[in-house]
Structures are given as C-alpha cells and as structure tokens.
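Below is one structure, written out as structure tokens; comments come after it.
Residue numbers (the numbering used here): 5 to 180.
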C-alpha cells in the first residue's frame, strides 16, 4: 500500500491513478449472481405447468349481438369457400353476424341499429331499460385478422348505439 505524502517542495499534484478494486469486486459479485440465477430460472421455467381451469358457460342474453371478424386468406378466398386456409394479415375484411350472415360496413350498422331499436321499443323506451338488460356486442376474431377490421366493426356497432363491446376467445390448453 502506498501513501502519497505530497511532492517535493510542498507542491501537490493530482493523483491520476484509478482504484479499480471496488469495480472488480462488484463485477465478480454480479458474475456469481448470474451464474447461480440463470440455471435456476431455466430449470423453473421448463417445469412450469399452467393450470387449466374449466370455464363456465355464461348465461348470455338473447339480445346480445354476436359478430365474427375474419379476413380472406393469402389466395383471396373467403371463409366457406373451398380451400380456405385461415385469415391473412393482408387479406380483406369479412364480417358475419351470428356466424352466418355476411355483411359490409353499411349493412352491419343498419342491422345493429335496427336490432337495438327494436329491443328498446319493446322495453317501452330507453328510460325503461335496466342497465343489466342492455344488449352487448360480442366480437369473435381470428388472431391473424388486421386490427383495422376489428376497429371498423367496433366503430360501426358503437355508432349504432351499443354501449358495450366485448371479445370472445376460444380457451386453449397452454400445456397441450
């Protein structure tokens, strides 16, 4: 260990040496932590089993509107046509009401509005609608459908007057 007692003749000069011992100590501690933590993390993730809980069927209101959003496949084929390979991110939007009736944007708006209007009239007006009796829109969409298709569908049904829009997903076994 060296101690600087000052220069000759009382002139003190700044010391240009850097003490690297604390830096090396910190780096060695971090190295040891990572050497221990990484194998433990890898072993734990491989053995992780996500529990699959049974889903309970919800009591759906009859008035709810089910809308399916898909797109054409890479070959330009729509669902229901022979050789359809599933939605493509570059395909054209296809919207179906109740999984059966294909509609465009104008038809979707008109059908959704007419349906909601009939429900409100049957209840005796909007003031007589109970909050839990207000119909909702449930959208089922393919994972590869472009967002513009889903967003356009949401926009049209909200403009038609539906205040609640939800998404329906198909549960998948993560362990399978």
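C-beta atoms are modelled at their ideal positions from N, C-alpha and C, and glycine is treated no differently.
- DSSP places residue 100 in no alpha helix (DSSP H) but in the uninterrupted beta strand (DSSP E) bounded by 97-101.
- By the Cβ neighbour-count rule, residue 95 is buried, with 16 or more other Cβ atoms within 10 Å of its own.
- Its chain contains 120 as the residues whose beta carbon lies nearer than 6 Å to that of residue 165, once the 5 sequence neighbours on both sides are disregarded; these appear in chain order.
- Residue pairing for residue 71: DSSP places it in a beta bridge opposite 101 and 143.
- In the DSSP assignment, residue 106 is bridged to 100.
- Out of 27, 101 and 76, the CA that lies nearest to the CA of residue 115 is found in 101.
- No Cβ-Cβ contact shorter than 8 Å links residue 97 with residue 71.
- The residue from 89, 155, 67 and 77 with its alpha-carbon nearest to that of residue 133 is 67.
- DSSP places residue 87 outside any beta strand (DSSP E), giving it a letter other than H or E.
- For residue 172, the beta-bridge partners assigned by DSSP are 144.
- The DSSP-derived three-state label of residue 81 is coil.
- In the structure shown, residue 156 adopts helical secondary structure according to DSSP, grouped into three states.
- Beta-carbon to beta-carbon, residue 172 and residue 126 are separated by about 25 Å, too far to satisfy the 8 Å threshold.
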